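> I am attaching a structure below and will ask some questions about it afterwards.
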Amino acid sequence: MLKSSYNKINLFEKGLTASWLKNQAISNNISNVNTPNYKRETVNFEDVLQNAANQNDIMSRTHEKHMSVSSSVTPTIVKDDSTEYRKDGNNVNIDTEMAELAENQIRYEAITKELNDTLKRLRISIKEG
């Protein structure tokens, strides 16, 4: 139980870090909506997570019921140079950014709730031994 909970907590921590980083990227995009030649920032955590899962790198088994989260799954901010939304070179669409901000907030709150529930179950199991 303890090992499993620890691994869940690690996964939640990585999810919260990615969500926080995405919030920073979206905030930068919104702040620079009128800056000529600004290229929007995105967080590639979902891609990194999917690649790690495809390569079985995200989890490594130490026991058939135990899993650990790989440290190679790290979110990063990247510039989106692939599009140009306006003539001044800026590719930020404020409507898209606001929608992504709302979605990211919901994701952050869901991960936080799951983390709190996991910690609560862990406290109960430790307390009741």
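Residue numbers for the sequence shown follow the working numbering, so the first one is 21 and each next one is one higher.
Glycine is no exception: its CB is placed at the ideal position from the N, C-alpha and C atoms.
These numbers were taken from a predicted model, which means no experiment stands behind them.
(1) With DSSP as the reference, identify every bridge partner of residue 98, one or two as the case may be.
(2) Count Cβ pairs between the segment 107 to 121 and the segment 43 to 61 that sit closer than 8 Å; are there 3 or more?
(3) Taking Cβ positions, are residue 34 and residue 93 nearer each other than 7 Å?
(4) According to DSSP, is residue 105 helix, strand or coil?
(5) Can you tell me which of the three DSSP states residue 43 falls into?
(6) Can you look up residue 33 in the DSSP assignment and give me helix, strand or coil?
(7) Quick one: what's got a C-beta closer than 8 Å to residue 50's C-beta in the same chain, skipping five residues either side?
(8) Please classify residue 38 as buried or exposed, where buried requires at least 16 other C-beta atoms within 10 Å of its C-beta.
From the atom records:
(1) 62
(2) yes
(3) yes
(4) coil
(5) helix
(6) helix
(7) 112, 114, 117, 118, 121
(8) buried
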